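Comments concern the structure below.
Chains as they are written, first to last, in this note's numbering: chain L, 8 to 724; chain D, 8 to 724.
Written out as structure tokens, the structure reads:
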């Protein structure tokens, strides 16, 4: 069996540790060396014959320009907390409660045009005649209704780049606060292009410019009070893209004049996890086009200097949208995604770009993201690395990426030889898996699952952010399970599903909480969607609903697909309606572990026909409900853990016959079969030895797997 | 101290057990003997010098008349379960799933006018041209939208009186199914009046006609399938009052033509626990007027024969509304309420009627309502009686009733001497408490609490039904606690609160789940309500919100009073908004027992100012929030148990100074002080001895109470 034992590996180098850098590059089979935030590469490293990635954050580290051109800085809409009027007048400090080191009100005439005062009790805007901005920065209101609560929506300059601000406030950095430029500003844009030219000229050894990342940070609003330091954080929202210039350009382009309230929405803003307004969707499109156009110009500069341009998908990524329609236009040569989980590997692999690279964890840093030790006392970086790899490899077995790598301070690996060995093993396994794909695709079941969300393909393989940031959404658990399953996966919007998108689909997955972007909320008011899904199941499809699928108040059932799912949730209307009684009948082939499902006491059968597979809190929690030639399947929740993928596969495959012989029936082990090379891959996801028998090609094969082992074999070779 | 040791007690007599009847009448101090369902009184009993109650159920036991006049029977609207159309036609059996021994479709032309077919998927009525009722009773639809679900709403005769049906299906009765007449039918009405005249004439020894109860049963819809025998049950809804004649009379009187959908509402009907539509409220008024008018005619007959007319508040009570404006007009001489709990004593005491009587539990029957043994092997009727008395006495100490009594088969008490002794004790305690009130009212704190609900005074002291039927509503727990507290209690509708009703109120209580009749639902869209309550608290009042008070989607906060309560509930909109952190600071004077509050993980502080008294599930569960001169207080739930009343009293009294010296600070003991007679009552609600010191009149008094003891003393006598 041929494997290439070098290449596809990016090593973080470190000046002052040249010998270590070059010896680990050798041991791990690196072909590229990179710098990291806080490290630099010496000439000795740069000229050692490796490819060189250089990290730049294009919009920050230009404080001198920002000082000279304060109107080139980035902005956002903010809304003050509501303040009650005791009489007909009120004085409000818009900035009360916000972190004054992050924000500064924009009181320019162009910005003031967008300020608004709202009566939040009545839900009405206060007439502009009734308020004035005072010299001291406060807003004076007249004509108030006593006992009503008022807010000021205003534009604010963001005077501290958020990632830098985070590092200062969390890691006690004391250096100068970095500012960030808005490429919407023509002078700033020209300046940034010139700066990049200079940079390329000054760094002839760099082979790849690694953009971290582009222009606009995800939304992160700090508060003054340490009891609520983070007021709001959304990894995928567009609030930080706003400015009077952008709003005016949008209006010219679309004819829509947006107001502060389009962004503020009663102070709720527009979190990614909630369905967006049409105005927000239009705004996102508009920003994506702008980001693509400006990024393309930068990539062209990089290319002119004979370098490649990769983008690291994090921090100032907003508008980039690697799964969006414009990503390809930018011309990036590579996408680098830092990953903890399998779904992130699939996200990276899914982007249309020549090179897909994943940056593994742990980061070479004394502590991890959660504050626990990694390369410091009490840390076990080798265990962490293997645990993350267990999540990643099952996804990579289904769909490959081109490269892996690490980041951080390389010298920290000294004293952790087990970690150094673990990475060497992982790098080899990665290269073997990659080679398998090059010999021919792994076999996939004849089963296409469509994940139905508000965002569809735009946000394929993500709920935004990492698993530990989105664990409260059942969909991320489903995506993690799906990332290693031998099924085809599509992402559809509700509108696409209503409009013929279900053609060719075998199973639809809808997982979310009532009203969220994953469950769909108002999308279910469209009876065409209900009709299309009803017909889809009646004619043989499977609808797997998790959590509060299709939930929308106002119908005769709370779940609009209750008739298909065989269950509904009591949101109060059934207070006098008795539920159907049932007997739980588990299905021995579907391993529904304790803790995998939820315990929602409000779930009830819609008719006497559903088969209850599991119950909790006195209510059904897993139900299979025959409907026409197909079936609805309901799970009150799906909590991911390694070993739970088989249950999901079994449910998706319900009514579709037996699984092929190469599929492991032991929930602890997952398998892939590469028919072109006759190769079987078996992954033991459990921390214990497992033996099992598979039948990949008609002939039984006995396997004995060590804890967490990856076994790659050609049973008939 | 003077107590009358006889009187105020109604004994269930039993023919064949004359000696037992008369000896227990003597032992328990009875002045009245009654018959019960299933027992009769002999001449020896009837002529022993006691008052005699005779029970009649006016609308049933007239099967011969019902057979001869089938159109005089009672009716209801029903809606079939939805059936999906695969194509443009569909045939539906309206009765599918309903209990065919209870219902029979009314296919008369007058009734058919009210039938409707609905497309429940689209939420639209199918045109009358598109459906026909076939000979076989099924409904044929054309013009259907494929994949949509359709229902038939229809009028049905109720051919089996529901209480009789319940006894047959539950207790295996085999006698003839009893039918019930609708007094709306002129011939039936005349027949019933004549029948009552005859009855009065035939029963000269009866001193009190005990109506059980009037005309219309609470709603109880049975299903054919034993896995859902009870489809729907609502102790306080008016669905069973409907008929074409009533609908036409309503239209003539109000100008509103109601349709089936006004009652069916997508199949949800209109449970008491949900806010009613304006049409339902108008219909209830209309039925109350009709019931009052017809009942008055019956009472006049009874009076003409020199008897009194009492009404037992249960079964066919709908339209009676003892707390409603028309109850007094009927002219009843007494109201009899069967009680398990304190709130039911207050409900009874609250009605405007000369005589208030409570029927104690246990009922003299082998098994209790829940099916557990009482007067049969394993039963402990004396324990049950004392436990119910512990609930009742604390309410009676606050507000007296005139009489107590029992019901059932007296001979069952043979072999239960401890029960006989317990009732003798209870009867004596009752008479002593009643005598105390006669000497002067107990002292009440200067604190008026207003309970805010959709129903207000109409449904004062109840959520409908008994505690064990409504335990899922936090309000019933609050009412049970309130029933024994030394505070004045009012019941206000949301409209009354918006309209000046808060004048004179010190604390407002709102307890319910989002959207229900107790929390208020749409009532909170009226900003006048929000304004009035905001002002009320700002100027010094207390708002105690429990569960999901003032919850209504669409505002900037989910709880419309969040700014006062200091908390809001995350219904999804805060998914990216970080909560305020807090430290729990219990208040030693407020005994918030474990299990008293809920564990709602979605509760969060609205600002940094609330004091968190208790937490669970990582979220605040009890918060006191200063607001102006007053305060909002939030509890995520309030689960009643004896011993938890003091916590509620302390919360209601927050910011109002010290409690007087006669109030017990031991949560196990409750006290009342009757200043006119200088009498202190101390109730030990715990099953253990308690000693405590009180200061009723400026001087300390030491008390030692046996388990569950009632102590009545005059400390300064």
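By construction, the Cβ of each residue, glycine as well, lies at the ideal position given by its N, Cα and C atoms. Since this is a predicted model, take the numbers as computed values, not measurements.
Proximity test, Cβ basis, 9 Å: residue 10/D and chain L: To locate residue 10/D, count along the second chain from 1; it is residue 3. Unreliable placement is indicated for residue 10/D, whose pLDDT of 41 sits below 50; the coordinate value is still reported in the next sentence. Output row for residue 10/D: interface = no.
Chain L contact residues for residue 527/D, given Cβ-Cβ distances below 8 Å: Position 520 of the second chain, counted from the first residue, corresponds to residue 527/D. Ordered by position in chain L, no residue passes the 8 Å Cβ test against residue 527/D, which lies about 12 Å from the chain.
Straight-line Cα distance separating residue 89/D from residue 729/D: Not covered by the structure: residue 729/D. The range shown for chain D is 8 to 724.
CB contact below 9 Å: residue 725/D versus chain L: The structure shown does not extend to residue 725/D, since chain D spans only 8 to 724, so no value can be given for it.
Start-end ranges of the alpha helix (DSSP H) lying completely within the stretch 174-200 of chain D, minimum 4 residues: none
Residues sharing a beta bridge with residue 160/L, DSSP: What you label residue 160/L is simply residue 153 of the first chain in a count that begins at 1. For residue 160/L, which the question treats as bridged, DSSP gives the partners 86/L and 123/L.
Residue-chain proximity (residue 632/L, chain D), Cβ-Cβ < 9 Å: Counted from its first residue, the first chain places residue 632/L at position 625. Judged by the 9 Å Cβ criterion, residue 632/L is not in contact with chain D.
Residue 11/L (DSSP reduced to helix, strand or coil): Here residue 11/L is taken as the residue at index 4 of the first chain, counted from 1. Any reading at residue 11/L is ruled out, since the residue's pLDDT is 43, under 50, leaving its predicted position unreliable.
Cβ-based contacts, 8 Å cut-off: residues of the stretch 117-129 of chain L near chain D: 127, 128 and 129
Same chain, Cβ closer than 7 Å to residue 8/L, five either side skipped, listed in chain order: Here residue 8/L refers to the residue found at position 1 when the first chain is read from its first residue. Its pLDDT being 34, under 50, residue 8/L is placed unreliably in this model, and the value from its coordinates should be taken loosely. Hits under 7 Å: 721.
Rounded straight-line distance, which links the Cα of residue 354/D to that of residue 19/D: Locating residue 19/D in the second chain gives position 12, counting from the first residue. Locating residue 354/D in the second chain gives position 347, counting from the first residue. Approximately 23 Å, taken between the alpha carbons.
Proximity to residue 393/D [Cα-Cα], best of 578/D, 437/D and 452/D: Here residue 393/D refers to the residue found at position 386 of the second chain. The shortest C-alpha separation from residue 393/D is found at 437/D.
Simplified DSSP assignment, three categories, for residue 134/D: Walking along the second chain from the start, residue 134/D turns up at place 127. Coil.
Beta-carbon spacing of residue 155/D, residue 168/D below 9 Å: Residue mapping note: residue 155/D aligns to position 148 of the second chain, counting from 1. Residue mapping note: residue 168/D aligns to position 161 of the second chain, counting from 1. Going by C-beta atoms, residue 155/D is not nearer than 9 Å to residue 168/D.
Integer Cβ distance of residue 245/L from residue 291/L, believed to fall under 8 Å: Along the first chain, read from residue 1 onward, the residue named residue 245/L stands at position 238. Along the first chain, read from residue 1 onward, the residue named residue 291/L stands at position 284. Contact flag correct, Cβ pair sits at about 6 Å.
Helix, strand or coil at residue 718/L according to DSSP, with G and I counted as helix: For the purposes of this step, residue 718/L is taken as residue 711 along the first chain, with counting starting at 1. The answer is strand: DSSP assigns residue 718/L an E or B state.
Distance between beta carbons of residue 170/L and residue 224/L, contact taken as under 8 Å: Within the first chain, residue 224/L is the residue found at index 217, counting from 1. Within the first chain, residue 170/L is the residue found at index 163, counting from 1. Right, their Cβ atoms sit about 7 Å apart.
Run of the beta strand (DSSP E) containing residue 345/D, from where it starts to where it stops: Within the second chain, numbered from 1, the residue matching residue 345/D stands at position 338. Unbroken beta strand (DSSP E) run through residue 345/D: 341-345.
Residue 21/L burial status per 10 Å Cβ neighbour count (16 or more: buried): Here residue 21/L is taken as the residue at index 14 of the first chain, counted from 1. It is buried - the Cβ of residue 21/L has at least 16 other Cβ atoms within 10 Å.
DSSP beta-bridge partners of residue 91/L: In the first chain, the residue the question calls residue 91/L occupies position 84. In the DSSP output, where bridge partners are listed per residue, residue 91/L has 156/L.
Bridge partner(s) assigned by DSSP for residue 726/L: Nothing can be reported for residue 726/L: it is not among the residues displayed for chain L, which extend from 8 to 724.
Backbone secondary structure at residue 741/D - three-state DSSP: Any property of residue 741/D remains undetermined from this structure, which presents chain D solely from 8 to 724.
Span of the beta strand (DSSP E), counted from its first residue to its last, around residue 678/D: The residue you call residue 678/D lines up with position 671 of the second chain. First-last of the beta strand (DSSP E) with residue 678/D: 676-681.
Neighbouring residues, chain L, relative to residue 89/D (Cβ below 8 Å): Position 82 of the second chain, counted from the first residue, corresponds to residue 89/D. Ordered by position in chain L, the residues that pass the 8 Å Cβ test against residue 89/D are 563 and 570.
CA-to-CA distance, residue 672/D to residue 653/D, given in whole angstroms: Your numbering for residue 653/D matches position 646 in the second chain. Your numbering for residue 672/D matches position 665 in the second chain. Approximately 7 Å between the Cα atoms of the pair.
Own chain, CB closer than 6 Å to residue 557/L, minus 5 neighbours either side, in chain order: Within the first chain, residue 557/L is the residue found at index 550, counting from 1. Closer than 6 Å at Cβ, skipping near neighbours: 531, 566, 567 and 568.
Residue range of the alpha helix (DSSP H) that includes residue 327/L: Locating residue 327/L in the first chain gives position 320, counting from the first residue. Counting along the chain, residue 327/L falls outside any alpha helix (DSSP H), and DSSP gives it neither H nor E.
Residues bridged to residue 352/D (per DSSP): Taking the first residue of the second chain as 1, we reach residue 352/D at position 345. Partner(s): none; residue 352/D has no beta bridge.
Cβ neighbour criterion (16 or more within 10 Å) applied to residue 115/D: For the purposes of this step, residue 115/D is identified with residue 108 of the second chain, where counting begins at 1. With fewer than 16 Cβ atoms within 10 Å of its Cβ, residue 115/D is classed as exposed.
Cβ-Cβ distance between residue 541/L and residue 573/L below 9 Å: For the purposes of this step, residue 541/L is taken as the residue at position 534 of the first chain. For the purposes of this step, residue 573/L is taken as the residue at position 566 of the first chain. Not in contact: residue 541/L and residue 573/L (Cβ atoms no closer than 9 Å).
DSSP bridge partner residues for residue 772/L (one or two, in chain order): Absent from the structure is residue 772/L, since the part of chain L shown begins at 8 and ends at 724.
Cα-Cα separation between residue 11/D and residue 384/D, rounded to whole angstroms: One-based indexing of the second chain puts residue 11/D at position 4. One-based indexing of the second chain puts residue 384/D at position 377. Bear in mind that a pLDDT of 43 at residue 11/D, under 50, signals an unreliable position, so the model cannot answer this.
Secondary structure of residue 364/L, DSSP reduced to three states: As a first step, residue 364/L must be located in the first chain, where it is residue number 357. Reduced to three states, the DSSP call for residue 364/L is strand.
Neighbour-count burial assignment, residue 379/D, 16 or more Cβ in a 10 Å radius: For this step, residue 379/D is matched to residue 372 along the second chain. Looking at its Cβ environment, which holds fewer than 16 other Cβ atoms inside 10 Å, residue 379/D is exposed.
Boundaries (first-last residue) of the alpha helix (DSSP H) holding residue 653/L: Taking the first residue of the first chain as position 1, residue 653/L is located at position 646. Unbroken alpha helix (DSSP H) run through residue 653/L: 652-659.
Cβ-Cβ distance between residue 661/D and residue 619/D below 9 Å: If you number the second chain from 1, residue 661/D lands on position 654. If you number the second chain from 1, residue 619/D lands on position 612. In this structure, residue 619/D does not lie closer than 9 Å to residue 661/D by Cβ.
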